[in-house]
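Residue numbers (our numbering), protein chains in the order written: chain A, 69 to 319; chain B, 6 to 329.
So the structure is just underneath, and the comments pick up after that.
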């Protein structure tokens, strides 16, 4: 459903993403991993329209979407979450999600928006009470709200920027199960970004590994985790890589 | 009577009393003050349409000046009736708002930088009025010609009662527009935008379009306020309807009254106009300009100690359970 070809993003003289191509099949969960600064979030930002690619094409459901503004991309059916939750604190939990339902689906219908908000909140396990304030939510709750907002936009493809760093083991498992449930029950295809390999590998169908803006490996989780280039990036064969991996472990 | 029913009835009773007022109380000076309060309340409400969403414009003096001067110039030079001139003036102000705001919103000029760009707009409109003194009378001011025909067609009335009712009607419409925005989904979108533009865009909101929409609505309303002021006073000068001082006065009044509540700008207008009149009567010509000094000091005090304004803070005390 999504075909990305030769995607490049340069910021001045720095190339954040260099000639990355990949495809996403309907109904799969694709994991996108790589160390900090490897270009994962930059790819997400191009897919969701936050900024246009310097070169390359992004074809979604047969039509070109590269360079479209974010609201048009969302209306075509690509929803996203942010790595650090970005709730609207001046709105209630319900209003946060209803807003996404109203504008994200492009239908601008209040009835549909409220309906989408009810369903999305129930799906992620947040209260559908209209008065509940965002201030009452903890780290895990805010991540759920972030997901609910994305689901309410009625996506066919969900870009989940799920950094699970701040969560404990149980919460990580719950978050992973949630993504699988979203795919299974709502039929939403998912690209899941994460720097830590562990939890992700148990859930995804396929994995793609980025390093320094380039794709270094792609395939089934078991194959990718034994790929020497991936091992080098994550575990390191030289001092530099070891340092990076150690920094990763501390997070 | 239940509380909800009571709250539904109150606006109608107050409205009826306001309409009936000039028929039972005819003191021309007090009616004059009331007309000024209503016109400025409408102007301040127009400003806070966008100001409440963090779009702090210091360019509204410019929109007000365009509303007043375009209407008067069309009337004096081309004989265009205000009934047509005012809509033209409003469209001019709306176009000006688009020209200034579109690049700002497109290139993400927000917060302080947006305020600075709009500040320049105020200055430019003031300079243009002063520079084209052959047409506008420059800093000496400008007077629309007295009509020799129908007062209604020229929108020139000598009695205060008519003006009071016109100003009351326009002010009421301003409050209705406020309420319409407040209850629409646009309000949520604009609140979201004011907190985080990227996150709002990720929820599907067309950020540039939503901001432009509210800016143009605000500019159109402000221009109408300027035109009404001109028709009522029959004298305008760059200092009273345009320029930075007028823009700042709007910000001050709204902050004092309450930026997030519908009647906040009205409370602000009551306070600022009473203050100016009080100083004028109390100290006469010795106190010319003192009101600006008092505004300045009060503005600092309010922003620090009462950022929600008088009405906003009062309402919060009365119902502590409200969201704001």
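Just so it is clear, CB atoms sit at the ideal spot from N, CA and C, and this is done for glycine as well.
Quick caveat: nothing in here was measured; it's all calculated off a predicted structure.
Short CB-CB distance (under 8 Å) between residue i and chain B
i: residue 307 of chain A; result: Model confidence at residue 307 of chain A stands at a pLDDT of 46, short of 50, so the residue's coordinates are unreliable; what they give is reported in the following sentence. So no, residue 307 of chain A is outside the interface.
i: residue 119 of chain A; result: no
i: residue 228 of chain A; result: no
i: residue 168 of chain A; result: yes
i: residue 186 of chain A; result: no
i: residue 47 of chain A; result: Absent from the model: residue 47 of chain A. The displayed extent of chain A is 69 to 319, so no value can be given.
i: residue 280 of chain A; result: no
i: residue 142 of chain A; result: yes
i: residue 70 of chain A; result: no
i: residue 215 of chain A; result: no
i: residue 109 of chain A; result: no
i: residue 247 of chain A; result: no
i: residue 93 of chain A; result: no
i: residue 116 of chain A; result: yes
i: residue 196 of chain A; result: no
i: residue 225 of chain A; result: no
i: residue 159 of chain A; result: yes
Boundaries of the beta strand (DSSP E) in which residue i is found, first to last residue
i: residue 284 of chain A; result: 282 to 287
i: residue 230 of chain A; result: No beta strand (DSSP E) holds residue 230 of chain A; DSSP gives it neither H nor E.
i: residue 90 of chain A; result: 82 to 92
Classification of residue i by the beta-carbon crowding that lies within 10 angstroms, buried from 16 upward
i: residue 15 of chain B; result: exposed
i: residue 278 of chain B; result: buried
i: residue 257 of chain A; result: buried
i: residue 52 of chain B; result: buried
i: residue 155 of chain B; result: exposed
i: residue 22 of chain B; result: exposed
i: residue 127 of chain B; result: buried
i: residue 19 of chain A; result: Nothing in the structure corresponds to residue 19 of chain A, since chain A is present only between 69 and 319.
i: residue 19 of chain B; result: exposed
i: residue 293 of chain B; result: exposed
i: residue 238 of chain B; result: buried
i: residue 309 of chain B; result: exposed
Secondary structure of residue i, DSSP reduced to three states
i: residue 273 of chain B; result: helix
i: residue 259 of chain A; result: strand
i: residue 183 of chain A; result: helix
i: residue 224 of chain A; result: coil
i: residue 98 of chain B; result: helix
i: residue 279 of chain A; result: strand
i: residue 196 of chain A; result: coil
i: residue 106 of chain A; result: coil
i: residue 327 of chain B; result: For residue 327 of chain B, the predicted model reports a pLDDT of 45, less than 50, meaning its position is unreliable and no value from the coordinates is stated.
i: residue 186 of chain B; result: helix
i: residue 115 of chain B; result: coil
i: residue 5 of chain B; result: Here chain B has residues from 6 to 329 only, and residue 5 of chain B is not among them.
i: residue 131 of chain A; result: strand
i: residue 124 of chain A; result: strand
i: residue 293 of chain A; result: helix
i: residue 201 of chain A; result: strand
i: residue 307 of chain A; result: Bear in mind that the predicted position of residue 307 of chain A carries a pLDDT of just 46, short of 50, making it unreliable; the figure below should be weighed with that in mind. Helix at residue 307 of chain A.
Residue-chain proximity (residue i, chain A), Cβ-Cβ < 8 Å
i: residue 267 of chain B; result: no
i: residue 201 of chain B; result: yes
i: residue 210 of chain B; result: yes
i: residue 190 of chain B; result: yes
i: residue 327 of chain B; result: Low confidence applies to residue 327 of chain B: its pLDDT is 45, below 50, so where it sits in the model is not reliable enough to give any reading.
i: residue 107 of chain B; result: no
i: residue 49 of chain B; result: no
i: residue 321 of chain B; result: no
i: residue 5 of chain B; result: One cannot answer for residue 5 of chain B here, as it falls past the ends of chain B, which runs 6 to 329.
i: residue 282 of chain B; result: no
i: residue 204 of chain B; result: yes
i: residue 98 of chain B; result: no
Alpha helix (DSSP H) segment containing residue i, residue limits
i: residue 29 of chain B; result: 8 to 29
i: residue 117 of chain A; result: That residue, residue 117 of chain A, is in no alpha helix (DSSP H); it is neither H nor E in DSSP.
i: residue 98 of chain A; result: Element bounds for residue 98 of chain A: not the alpha helix (DSSP H) but the beta strand (DSSP E), 97 to 101.
i: residue 74 of chain A; result: Element bounds for residue 74 of chain A: not the alpha helix (DSSP H) but the beta strand (DSSP E), 70 to 79.
i: residue 39 of chain B; result: 33 to 56
i: residue 81 of chain B; result: 65 to 83
i: residue 320 of chain A; result: Because residue 320 of chain A is not part of the residues shown, which for chain A are 69 to 319, the question remains open.
i: residue 201 of chain B; result: Where residue 201 of chain B is concerned, there is no enclosing alpha helix (DSSP H), given that its DSSP letter is neither H nor E.
i: residue 297 of chain B; result: 295 to 310
i: residue 271 of chain A; result: 265 to 271
Segments assigned beta strand (DSSP E), at least 3 residues, entirely inside the region 227 to 268 of chain B: Listed in chain order, there is nothing to give.
Fully enclosed by the region 132 to 174 of chain B, which alpha helix (DSSP H) runs are 4 residues long or longer? Runs of the alpha helix (DSSP H) inside the region 132 to 174 of chain B: 138 to 141 and 156 to 159.
Those runs of the alpha helix (DSSP H) which lie wholly inside the region 140 to 176 of chain A and span at least 4 residues: You should have 161 to 172.
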